[in-house]
Amino acid sequence: MSENDKYWCAFAKLTKTSSAFVNKVYEYFGSIELAWHAQTYDLWKIDGLQSRQINAFIEERKTINPDESFEYIQKRKIDFIHPEDKRYPFLLRQIDNPPTGLFVLGDLASCNLERTIAVVGSRKASENSKVSLRHILNGLIGTDICIVSGLAEGIDTTAHKTAVDNNIKTIAVIGGGFDKLYPKSNIKLFNQIINGSGAVITEYWPDVDAISWHFPVRNRIVSGLSKGVLVAEAALKSGAMITARLALEQGKELMCMPGLISNPNTEGIYHLLKNGASIVTNSQDILDTLGWVINTNKEQNQKNSNFDKYSSEEKLILEYLQKDSLTSDELAIKTNIDMDKLLLTLTKLELNGSIIKTSGDKYIFLN
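In numbering that gives the first Met the number 0, the protein residues as written are 0 to 366.
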């Protein structure tokens with residue numbers, strides 16, 4: 000433990016002071032301790048600081064005890080990483096306005112921060128996009144690649160869950176404190192990640208609410224932690240498009256997964272593709288875009304793509320579902336399998352995770 004840890008932690012507890020303010024003050028004084036104890040007249044000397052920012056800091060600082068704050072985080076068994084800590088992610092050091100500190104649950108050290116891909120997209124993602132994303136990410140099984148996302152509903156959840164289910168490391172960057180997890184529906188996924196699948200991180204104190212403006216601010220960390228950003232589904236005006244813009248500003252590779260052109264949530268995708276983003280339809284496209292040569296666990300990959308384990312009827316059904324989503328009636332016509340036997344076979348394929356049934360009564364191939 001460094002004596003400076005408690006001052007970084009105290010700065011990270013501030014709710015009325017931005018990381019940009021902290022970075023300016025720290026740069027000016029060259030010492031986080033001196034920055035914390037700075038007097039008003041000293042702060043006025045720093046270019047770019049406004050009176051309201053200075054006053055807000057001075058007033059809120061009175062309510063925070065650095066020793067007690069850091070002791071609280073330690074008692075909660077929350078890891079805290081700040082810019083002077085050698086564990087602070089190198090990629091985050093390179094972005095504008097890096098976070099003052101990161102509160103961490105799980106094992107960030109188990110994640111390969113040199114092989115990181117951010118996955119972003121719509122909270123109200125279509126089944127088609129979620130299935131396509133699973134298919135793409137399944138191709139990363141057996142690699143040391145780490146999936147970064149925001150633990151939101153829709154695409155984020157699909158990305159994290161696919162990683163957890165397939166022993167791929169994942170980092171979730173949340174827009175509030177650990178005690179205010181949003182959405183609540185992802186508490187199980189949250190626990191799975193911190194208990195062996197990677198880490199959940201945030202720049203917010205544990206009791207800070209996940210309010211709306213935190214999410215676009217959070218997005219700079221999602222893209223900042225990553226070598227490249229994959230946009231899986233996005234409307235023209237969406238958080239995913241904000242992350243895409245941040246990725247370009249940060250010099251990251253921008254990739255897009257194509258979707259149905261009739262879906263409004265793909266308008267952003269095709270806008271990005273028309274403006275130079277790389278198209279991704281399989282995991283190899285990601286590797287090629289990022290220039291990565293990865294040796295995967297071939298035995299595990301073959302297990303997921305080997306059709307030998309299926310019966311002849313199952314193979315026939317899956318061959319059609321690989322091409323398009325279909326209803327049971329459509330499958331009966333194409334496969335010429337008796338309806339009773341077809342429904343029984345479809346149920347079996349659902350139970351073993353090979354297909355899912357959507358709200359429109361169509362079956363979709365998973366793997």
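For each residue, glycine too, the CB sits at the ideal point set by N, CA and C.
Please give the ranges of any alpha helix (DSSP H) in the segment 62-128, keeping only runs that are unbroken, at least 4 residues long and fully inside the region. Taken in chain order, the unbroken stretches of alpha helix (DSSP H) that lie wholly in the segment 62-128 and span 4 residues or more are 65-74 and 89-92.
Let's see if you can read the secondary structure: which residues bound the alpha helix (DSSP H) around GLY227? Along the sequence shown, read from residue 1 onward, the residue named residue 227 stands at position 228. DSSP places GLY227 in no alpha helix (DSSP H) but in the uninterrupted beta strand (DSSP E) bounded by 227-232.
Helix, strand or coil at GLN299 [DSSP, three-state]: Here residue 299 corresponds to residue number 300 of the sequence shown, with the count starting at 1. For GLN299, the predicted structure reports a pLDDT of 46, less than 50, and the residue's modelled location is therefore unreliable. A value from the coordinates is still provided. Look at GLN299 here: in three-state DSSP terms it is helix.
Quick one: grab the DSSP three-state call for VAL147. Numbered from its first residue, the sequence shown carries residue 147 at position 148. DSSP places VAL147 in the strand class (E or B) of the three-state scheme.
Between the Cα of GLY105 and those of ARG51, PHE79, GLU329 and ASN3, spot the shortest distance and give me the residue it belongs to. Within the sequence shown, numbered from 1, the residue matching residue 105 stands at position 106. In terms of Cα proximity to GLY105, the closest of ARG51, PHE79, GLU329 and ASN3 is PHE79.
7 Å Cβ cutoff met for GLY174 and ARG219: For the purposes of this step, residue 174 is taken as the residue at position 175 of the sequence shown. For the purposes of this step, residue 219 is taken as the residue at position 220 of the sequence shown. The answer is no: Cβ separation not under 7 Å.
Check whether the segment 60-77 touches the segment 3-20, taking contact to mean three or more Cβ pairs, one atom from each stretch, closer than 8 Å. The segment 60-77 vs the segment 3-20: in contact.
Might you give, ordered along the chain, the residues of its own chain that have their beta carbon closer than 7 Å to the beta carbon of PRO179, omitting 5 neighbours on each side? The residue labelled residue 179 in the question sits at position 180 within the sequence shown. Note on identity: in this sequence residue 179 is Lys, with Pro being the wrong assignment. Cβ neighbours of LYS179 beyond the five flanking positions: ASP206, VAL207, ASP208 and ALA209.
Between the alpha carbons of GLU298 and ILE140, how many angstroms are there, rounded? Looking up residue 298 in the sequence shown gives position 299. Looking up residue 140 in the sequence shown gives position 141. Low local confidence applies: a pLDDT of 42 at GLU298 is under 50, so the model's placement there is unreliable, and no value is given.
For a test of the three-state rule: what should DSSP assign to VAL172, helix, strand or coil? Taking the first residue of the sequence shown as 1, we reach residue 172 at position 173. Shown here, VAL172 sits in a strand according to DSSP, grouped into three states.
Give the DSSP bridge partners of GLY197, in chain order. Taking the sequence shown and counting its residues from 1, the one referred to as residue 197 is at position 198. In DSSP, GLY197 forms a bridge with THR169.
Return the CA-CA distance between GLU433 and ASP155, expressed in angstroms with no decimal places. A question about residue 433 goes unanswered here, because the residues of the chain that appear run from 0 up to 366.
Who are the near neighbours of GLN191 in its chain, counting only those whose CB is closer than 7 Å to its CB and skipping five residues on each side? Position 192 of the sequence shown, counted from the first residue, corresponds to residue 191. Counting only Cβ-Cβ distances below 7 Å, and skipping sequence neighbours, we find VAL163.
Go ahead and label HIS36 buried or exposed: buried means 16 or more other beta carbons lie within 10 angstroms of its beta carbon, across all protein chains shown. The residue labelled residue 36 in the question sits at position 37 within the sequence shown. With fewer than 16 Cβ atoms within 10 Å of its Cβ, HIS36 is classed as exposed.
By the three-class DSSP mapping on this structure, what secondary structure does MET338 have? If you number the sequence shown from 1, residue 338 lands on position 339. In the structure shown, MET338 adopts helical secondary structure according to DSSP, grouped into three states.
In whole angstroms, what separates the C-alpha of GLN52 from that of VAL118? Residue mapping note: residue 52 aligns to position 53 of the sequence shown, counting from 1. Residue mapping note: residue 118 aligns to position 119 of the sequence shown, counting from 1. Between GLN52 and VAL118, the C-alpha separation is close to 34 Å.
Spatial neighbours of LYS302 within its chain, please: CB distance less than 8 Å, with the 5 preceding and 5 following residues excluded, ordered by chain position. One-based indexing of the sequence shown puts residue 302 at position 303. Note that LYS302 scores 44 on pLDDT, short of 50, meaning its location in the model is unreliable; the coordinates nonetheless yield the value given after this. Hits under 8 Å: none found.
Span separating the alpha-carbon of TYR362 from that of LEU320: Numbered from its first residue, the sequence shown carries residue 362 at position 363. Numbered from its first residue, the sequence shown carries residue 320 at position 321. Their Cα atoms are separated by approximately 7 Å.
Name the residue from SER121, PRO257, MET240 and GLN283 whose alpha carbon lies nearest to the alpha carbon of THR142. Mapped onto the sequence shown, residue 142 falls at position 143. For the set SER121, PRO257, MET240 and GLN283, the Cα lying nearest the Cα of THR142 is the one of GLN283.
Going by C-alpha to C-alpha distance, which of ALA171, ASP328 and PRO65 sits closest to SER1? If you number the sequence shown from 1, residue 1 lands on position 2. For SER1, the nearest C-alpha among the options comes from PRO65.
Whose C-beta lies closer than 8 Å to the C-beta of THR357 among residues of the same chain, with five residues either side of it excluded? Residue mapping note: residue 357 aligns to position 358 of the sequence shown, counting from 1. Around THR357, the same chain offers GLU126, SER324 and ILE363 as residues with beta carbons nearer than 8 Å, after the five sequence neighbours per side are excluded.
Does the beta-carbon of VAL292 have 16 or more other beta-carbons within 10 angstroms, so that it is buried, or is it exposed? Numbered from its first residue, the sequence shown carries residue 292 at position 293. Looking at its Cβ environment, which holds fewer than 16 other Cβ atoms inside 10 Å, VAL292 is exposed.
DSSP puts LEU253 in a beta bridge; with which residues? One-based indexing of the sequence shown puts residue 253 at position 254. Beta-bridge partners of LEU253 (DSSP): VAL228.
Any idea what DSSP makes of SER237, helix, strand or coil? Taking the sequence shown and counting its residues from 1, the one referred to as residue 237 is at position 238. It is coil, neither helix nor strand.
Do LEU136 and THR115 have their C-beta atoms within less than 7 Å of each other? Translated into positions along the sequence shown, residue 136 becomes position 137. Translated into positions along the sequence shown, residue 115 becomes position 116. Between LEU136 and THR115, the gap from beta carbon to beta carbon reaches 7 Å or more.
Buried or exposed, going by whether 16 or more other CB atoms sit within 10 Å of the CB of PRO215? Position 216 of the sequence shown holds residue 215. Residue burial annotation: PRO215 is exposed, with fewer than 16 other C-beta atoms found within 10 angstroms of its C-beta.
Could you have a look at LEU325 and say whether DSSP puts it in helix, strand or coil? Here residue 325 refers to the residue found at position 326 when the sequence shown is read from its first residue. Strand, per DSSP.
Examine the Cβ distances between the segment 222-242 and the segment 265-279 and report whether three or more of them are shorter than 8 Å. Taking 8 Å as the limit for Cβ pairs, the verdict is that the segment 265-279 does touch the segment 222-242.
Cβ distance (whole Å) where GLY176 is taken to contact TYR203 below 8 Å: As a first step, residue 176 is located in the sequence shown; it is residue number 177 there, counting from the start. As a first step, residue 203 is located in the sequence shown; it is residue number 204 there, counting from the start. Taking a contact as a CB-CB distance under 8 Å, the pair GLY176 and TYR203 counts as one, their CB atoms being some 5 Å apart.
Please name the residue in ASN262, LYS226, ALA9 and VAL221 whose C-alpha comes closest to that of GLU67. Here the question's residue 67 lines up with position 68 in the sequence shown. Ranking ASN262, LYS226, ALA9 and VAL221 by Cα distance to GLU67 puts ALA9 first.
Of the residues ILE193, TYR181, PHE28 and PHE189, which one's Cα is nearest the Cα of LEU107? Residue numbering aside, residue 107 sits at position 108 when the sequence shown is read from its first letter. Checked all of ILE193, TYR181, PHE28 and PHE189; the closest Cα to LEU107 is ILE193.
For PHE364, report the span of its beta strand (DSSP E) as first-last. Start at 1 with the first residue of the sequence shown, and residue 364 comes out as number 365. Under the DSSP assignment, PHE364 falls in the beta strand (DSSP E) whose first and last residues are 361-364.
To the nearest angstrom, how far is the alpha carbon of TRP43 from that of SER50? Stepping through the sequence shown from its first residue, residue 43 is reached at position 44. Stepping through the sequence shown from its first residue, residue 50 is reached at position 51. If you take the alpha carbons of TRP43 and SER50, they lie about 8 Å apart.
Classify LEU150: buried if its beta carbon has 16 or more other beta carbons within 10 angstroms, exposed otherwise. Here residue 150 refers to the residue found at position 151 when the sequence shown is read from its first residue. Classification for LEU150: buried.
Out of LEU289, LEU33, LYS308 and LEU247, state which residue places its alpha-carbon closest to the alpha-carbon of LEU271. Within the sequence shown, numbered from 1, the residue matching residue 271 stands at position 272. Nearest of LEU289, LEU33, LYS308 and LEU247 to LEU271, Cα basis: LEU247.
Opening and closing residue of the alpha helix (DSSP H) in which ILE285 lies: By one-based count along the sequence shown, residue 285 stands at place 286. Here the alpha helix (DSSP H) through ILE285 covers 282-289.
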